[in-house]
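Presented below is the structure to which this report refers.
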Amino acid sequence: MASKDYYKILGVSKTATDEEIKKAYRSMAKKYHPDLNPGDASAADKLKEVNEAYEVLSDKQKRSNYDQFGDPNGMASGFGGGAGAGAGGFDFSSFGGGFGDIFGDIFSSFGGGNRRRDPNAPMQGADIQARINLSFEEAAFGAKKSINLNRSETCAECHGTGAKNGTAYSTCSRCGGSGRITTRQNTMFGQMLSESTCPDCSGTGRKIKEKCSSCQGAGYTRANRSIEVNIPGGVNTGTILTLRGQGEAGKNGGPAGDLQLLIKAGDHKVLKRDGYDVFEDVYVSFTDALLGKKIDIAGINEKLSITIPALTQTGTIITVKGKGTKVLNKNSYGDLFAKIIVEMPKSLSKRERELVEELDRSILDKEYPKKKSFSSKI
11 MASKDYYKIL GVSKTATDEE IKKAYRSMAK KYHPDLNPGD ASAADKLKEV NEAYEVLSDK
71 QKRSNYDQFG DPNGMASGFG GGAGAGAGGF DFSSFGGGFG DIFGDIFSSF GGGNRRRDPN
131 APMQGADIQA RINLSFEEAA FGAKKSINLN RSETCAECHG TGAKNGTAYS TCSRCGGSGR
191 ITTRQNTMFG QMLSESTCPD CSGTGRKIKE KCSSCQGAGY TRANRSIEVN IPGGVNTGTI
251 LTLRGQGEAG KNGGPAGDLQ LLIKAGDHKV LKRDGYDVFE DVYVSFTDAL LGKKIDIAGI
311 NEKLSITIPA LTQTGTIITV KGKGTKVLNK NSYGDLFAKI IVEMPKSLSK RERELVEELD
371 RSILDKEYPK KKSFSSKI
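Residues in the sequence shown are numbered consecutively from 11, following my numbering.
This is how it looks when you write it as structure tokens:
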């Protein structure tokens with residue numbers, strides 16, 4: 011009788027389908043594989059059990075014998091002979107193509123196979139960031155600005171090869187120009203192949219005979235550059251503009267990275283901005299609010315005229331269409347909203363007081379505003 015519960019080893023029920031058994035085996039084999047558990051003897055022992063269990067449960071006849079007699083060989087005596095899973099290790103030939111397929115699937119998830127990046131393939135350079143301060147007006151309508159950058163650029167002398175005159179290099183003899191070397195290792199499962207970066211050329215695939223004197227073999231140099239940037243109208247604090255190809259130099263002939271500009275917009279002495287609209291508090295005398303008047307107000311970068319209608323109340327909003335900021339990347343503009351605030355005089359002369367009292371009596375005669383006497387019920 012078998013002393014091991016193969017279903018328990020794989021973590022499946024006795025009614026598990028073939029697909030469920032195969033899926034459980036994939037998971038367990040991946041978990042206990044020696045490449046993922048270097049030096050762990052218990053993991054190796056556990057993997058032996060997992061392989062043994064899968065060998066039995068993946069074979070219909072052996073599974074049937076095991077379920078009936080507790081022995082994959084039917085009425086034979088135990089596992090001592092013939093099963094290949096005893097004293098001599100594992101007979102992986104009984105798995106057919108399944109074992110290799112399974113481990114191929116497992117290690118493909120770790121980047122195995124032939125899908126490694128070519129070290130000599132063109133690579134785009136890194137992006138860089140810079141901050142730029144704008145006035146309120148520049149952010150609203152756009153501006154041309156100069157920006158100073160410190161970035162890497164492809165060496166003009168060697169064209170990025172790092173070799174003198176761009177030609178004093180040869181193909182690495184150890185890796186044959188691939189930048190990768192393959193090593194073989196004998197394991198309990200047979201020979202295992204692994205890839206690593208070539209130590210002779212550091213993955214470049216070439217050996218420099220004589221370094222470029224300008225970049226000392228790096229292939230790029232640091233440079234301070236001043237570039238002109240057209241800032242579009244409608245940007246605001248927090249806007250990020252991307253300038254293609256203005257970042258760090260690429261490698262192996264790859265394109266340069268990008269420059270990301272982080273915008274900081276200044277404040278206006280009168281206006282407040284919300285999106286593409288601007289808001290302004292406009293103070294008027296109580297006589298102008300009563301009688302109405304045409305007055306000048308501040309625009310973003312110009313004077314504007316608005317008409318205060320007669321009897322305008324405090325808090326009235328007057329909209330001036332198209333006098334906000336430019337809408338980013340569109341040929342349109344936001345609006346300006348003028349909030350009217352009625353101011354009272356600081357003092358009155360005797361004559362002015364008499365006139366106001368006369369006005370007050372006139373307004374009361376019209377029952378405006380309506381007032382309740384103190385004697386009335388509240």
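Positions of the beta carbon are idealized from the N, C-alpha and C atoms, including for glycine.
Keep in mind that this is a model prediction, so the values were computed, not measured.
Short of 6 Å in beta carbon distance, which residues of its chain neighbour residue i, apart from the five on each side in sequence? Order them along the chain.
i    : result
T317 : K304
A93  : Any reading at A93 must be qualified, since the residue scores a pLDDT of 40, below 50, and its modelled position is unreliable; the value itself is stated next. Once the five neighbours on either side are set aside, A93 has no close Cβ partner at all.
G170 : T164, G229
E59  : I19
L269 : I138, L253, Q256, G257
C168 : G176, C222
I237 : I157
F264 : Here residue 264 turns out to be Gly, not Phe, going by the sequence shown. Result list for G264: P132, M133, Q134, in chain order.
Thinking residue i and residue j are a contact (beta carbons under 8 Å), I'd like their distance in whole angstroms, please.
i    : j    : result
G187 : G215 : 4 Å
K336 : Y343 : 6 Å
K174 : C222 : 5 Å
L159 : A140 : 7 Å
N240 : A149 : Incorrect: roughly 13 Å between the Cβ atoms, too far for contact.
R194 : C208 : Between C208 and R194 the Cβ distance is about 16 Å, and since that is not below 8 Å, they are no contact.
C225 : G172 : 7 Å
Apart from the five residues on each side of it in sequence, which residues of its chain come closer than 7 Å, Cβ to Cβ, to residue i?
i    : result
V280 : E290, A308
V66  : Y16, K72, R73, Y76, P82
A136 : G257, E258, G267
V22  : E30, I31, A34
Is residue i helix, strand or coil by DSSP?
i    : result
I310 : coil
G106 : Only weak support is given to the placement of G106: the predicted model assigns it a pLDDT of 41, under 50, and the question is left unresolved by the model.
D69  : coil
M354 : coil
T217 : Looking at the sequence provided, one finds Lys at residue 217 rather than Thr. Note: K217 maps to strand in three-state DSSP.
D28  : helix
K282 : strand
R254 : coil
D50  : coil
E163 : strand
D287 : strand
Q270 : strand
K331 : coil
V245 : coil
S74  : helix
N175 : helix
Comparing C-alpha positions only, which one of the options sits nearest to residue i?
i    : options                : result
L346 : V330, K360, K356       : V330
K32  : K70, Q195, P44         : K70
L251 : I273, S206, R235       : I273
S68  : R36, K41, L46          : R36
D370 : S23, E353, G248, L300  : L300
T297 : E362, Y286, K313, D50  : E362
G334 : F151, R190, V22, I373  : F151
G302 : A320, E364, M38, D287  : A320
P220 : L46, S180, L314        : Per the sequence shown, residue 220 should be read as Glu rather than Pro. The shortest C-alpha separation from E220 is found at S180.
K39  : P48, N47, L57, D50     : The amino acid at residue 39 is misidentified as Lys; the sequence shows Ala. Taking only the C-alpha atoms, the option nearest A39 is L57.
S277 : F146, G213, G263       : Looking at the sequence itself, residue 277 is Asp, so the reference to Ser does not match. Selected option, being the one with the closest Cα: F146.
A389 : S206, K217, N143, S315 : Any answer about residue 389 is impossible in this case: the structure gives the chain only from 11 up to 388.
G392 : D55, L271, Y286        : The question about residue 392 has no answer, for the chain in this structure spans 11 to 388.
G332 : I310, N339, E353       : I310
G248 : I142, T25, K24         : I142
R232 : E312, N341, I373, A166 : A166
S183 : T25, E205, F79, G213   : G213
Please work out which residues of its chain come closer than 8 Å, Cβ to Cβ, to residue i, disregarding the five sequence neighbours upstream and downstream, and give them in chain order.
i    : result
I351 : D291, V292, Y293, V294, T324, G325
A54  : Y42, P44, N47, M198
S315 : K304, I305, D306, I307
Which word fits residue i, buried or exposed, when buried means at least 16 other C-beta atoms lie within 10 angstroms of its C-beta?
i    : result
K72  : buried
L20  : buried
P82  : buried
T197 : exposed
T322 : buried
T356 : For the record, residue 356 in the displayed sequence is Lys; it is not Thr. Per the 10 Å Cβ criterion, exposed.
R161 : buried
L203 : exposed
R283 : buried
N234 : exposed
E62  : buried
A275 : buried
L358 : exposed
V288 : buried
F100 : Unreliable placement is indicated for F100, whose pLDDT of 43 sits below 50; no coordinate value is reported for it.
L365 : exposed
Say the cut is 7 Å; is the CB of residue i nearer than that to a heavy atom of the ligand SAM?
i    : result
V245 : Ligands displayed in this structure: none; no statement on the ligand SAM is therefore possible.
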